[in-house]
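Reading through the structure tokens given below for one structure.
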Amino acid sequence: MRTPMAFLLCALFSCSSIAESAFDIVKKSDLAMRGESSYSESTMEIVRPSWTRSMSMKSWTKGTELSLVLVTAPAKDKGSASLKRHREMWNWVPSIERVIKIAPSMLSQSWMGSDFTNDDLINQSSIVVDYQHSLIGEEPFDGSSMWVIEAVAKPDAPVVWSKVTLWISKSNYLQRKVHFYDEFDELVNELTTYDVKILGGRALATRMEMYPLDEPGNKTVLTTHEAEFDFDIEDRFFSSAANAGTTRLNSVFQFANSRADRRNNDADDIGLAEFMASETSYVADRFCFGIGLVPLFGYSLFSRGQLYGQHKKRSQVL
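The following block contains the structure:
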């Protein structure tokens with residue numbers, strides 16, 4: 020009787036260890052890609068059967084709480100920005116000078132017409148905290164050995180994908196392939212990564228290709244050209260929020276655009292994410308109605324200033 024019991028305890032311990040190590044692998048993978056802080060310069064190419072469109076962008080992150088993506092080209096898209104602060108996200112649309120809060124229902128929408136969703140590009144760290152992980156196997160990919168990990172969304176988690184399967188490199192913890200599943204457990208998108216290079220002192224897959232499997236011939240390619248990690252990010256911009264009562268939110272994003280061509284080790288650039296987060300938070304907190312939704316251009320807006328502006332325009336039309 021002692022031998023079967025010992026075997027059973029060993030099996031239970033092994034299962035627990037596998038589950039724990041799967042979470043650790045995903046967490047290390049997320050840290051490998053972003054570090055404690057990060058800055059990158061990249062280009063995105065949106066490929067369709069009859070046309071191709073490209074844009075350039077710069078990105079900043081601080082831990083898993085702050086993320087900023089700023090479009091720098093082409094001219095018609097320049098200045099567009101996406102900001103994540105904790106669980107809240109916003110898009111800045113310079114053509115209409117409006118900040119649009121991204122509601123949970125908008126996370127699945129395309130980011131800038133690409134095959135990446137708002138959730139894919141802005142809320143990447145969600146894979147660590149919003150999913151339960153299990154190690155389901157090992158496979159080769161692109162000549163390297165991979166862990167295959169299945170991540171299933173936790174109940175009531177504010178995520179787009181009900182299940183995600185990740186192929187994570189055993190040698191450097193990079194995510195080399197990812198499958199995204201909808202609520203019906205159907206495979207929707209496939210992400211593959213290539214061209215691993217040393218950027219900013221660490222290994223990074225510099226080319227990412229996203230394929231919507233129900234649209235043959237479509238893909239989006241994200242290529243990283245420069246990256247830096249683990250630099251100090253000052254918090255001084257947060258302290259300015261309390262005195263920002265007269266600051267227009269669009270001037271915050273214009274500030275971001277004016278700093279876009281400066282190196283990321285410049286103090287202004289390093290504090291950019293915090294500055295924008297604090298200013299955006301202030302305006303959202305100060306002018307939020309708190310109750311009610313007003314649809315505009317397919318979005319839901321809470322800002323009193325935005326509602327007033329649209330009401331004024333609508334009155335002029337009437």
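Remember, my numbering sits 19 above the position in the sequence shown when you count from 1. Cβ coordinates follow ideal geometry from the N, Cα and C atoms, glycine included.
{"Asked": "Close Cβ partners of R67 (< 8 angstroms) along its chain, the five nearest in sequence each way excluded", "Found": "G236, N237"}
{"Asked": "Local conformation of G123 per DSSP, three classes", "Found": "Per the sequence shown, residue 123 should be read as Pro rather than Gly. Note: P123 maps to helix in three-state DSSP."}
{"Asked": "Pick from V45, M63, K77, S40 that is closest to S57, judged by C-alpha positions", "Found": "K77"}
{"Asked": "Presumed contact (8 angstroms Cβ cut-off) between M229 and T243, rounded CB distance", "Found": "14 angstroms between Cβ atoms; not a contact."}
{"Asked": "Neighbour-count burial assignment, I217, 16 or more Cβ in a 10 Å radius", "Found": "exposed"}
{"Asked": "Which of helix, strand or coil DSSP assigns to V179", "Found": "coil"}
{"Asked": "Backbone CA spacing between G162 and K120 [nearest angstrom]", "Found": "42 angstroms"}
{"Asked": "Per-residue DSSP class, three states only, for F199", "Found": "strand"}
{"Asked": "Neighbourhood of W111 by C-beta, 7 angstroms cutoff - its chain only, sequence neighbours within 5 removed", "Found": "S99, A100, V118, F272"}
{"Asked": "Through-space distance from F160 to V88, alpha-carbon basis", "Found": "29 angstroms"}
{"Asked": "Own chain residues within Cβ distance below 6 angstroms of D214, not counting five before or after", "Found": "T225, R226"}
{"Asked": "Closest by C-alpha distance to V183, when choosing among W166, L206, S164", "Found": "L206"}
{"Asked": "Beta-carbon contacts of H105 that lie in its chain and below 6 angstroms, excluding the five residues immediately before and after", "Found": "E84"}
{"Asked": "D201 to K95 span [Cα, whole Å]", "Found": "33 angstroms"}
{"Asked": "Three-state class that DSSP yields for L50 in the structure shown", "Found": "helix"}
{"Asked": "Own chain, CB closer than 6 angstroms to K47, minus 5 neighbours either side, in chain order", "Found": "Y192"}
{"Asked": "Three-state class that DSSP yields for I187 in the structure shown", "Found": "strand"}
{"Asked": "Distance, K103 Cα to L50 Cα", "Found": "17 angstroms"}
{"Asked": "Under 8 angstroms between C-beta atoms of L126 and N137", "Found": "yes"}
{"Asked": "Where L193 falls: helix, strand or coil (DSSP)", "Found": "coil"}
{"Asked": "Local conformation of E158 per DSSP, three classes", "Found": "strand"}
{"Asked": "Unbroken beta strand (DSSP E) run spanning I65, endpoints", "Found": "56-67"}
{"Asked": "8 angstroms contact criterion, which S61 and L241 should meet: CB distance rounded", "Found": "6 angstroms"}
{"Asked": "Where S114 falls: helix, strand or coil (DSSP)", "Found": "coil"}
{"Asked": "Beta-carbon contacts of A292 that lie in its chain and below 6 angstroms, excluding the five residues immediately before and after", "Found": "The predicted model places A292 with a pLDDT of 43, which falls under 50 and marks its position as unreliable, so this point remains unresolved."}
{"Asked": "Candidates W180, F250, S188, S75, of which the one nearest Q128 by Cα", "Found": "W180"}
{"Asked": "Buried or exposed (CB count within 10 angstroms, at least 16 for buried), A170", "Found": "buried"}
{"Asked": "From A122, E247, K97, residue whose alpha carbon lies closest to that of E116", "Found": "K97"}
{"Asked": "Sub-8 angstroms separation of P174 and P123 beta-carbons", "Found": "no"}
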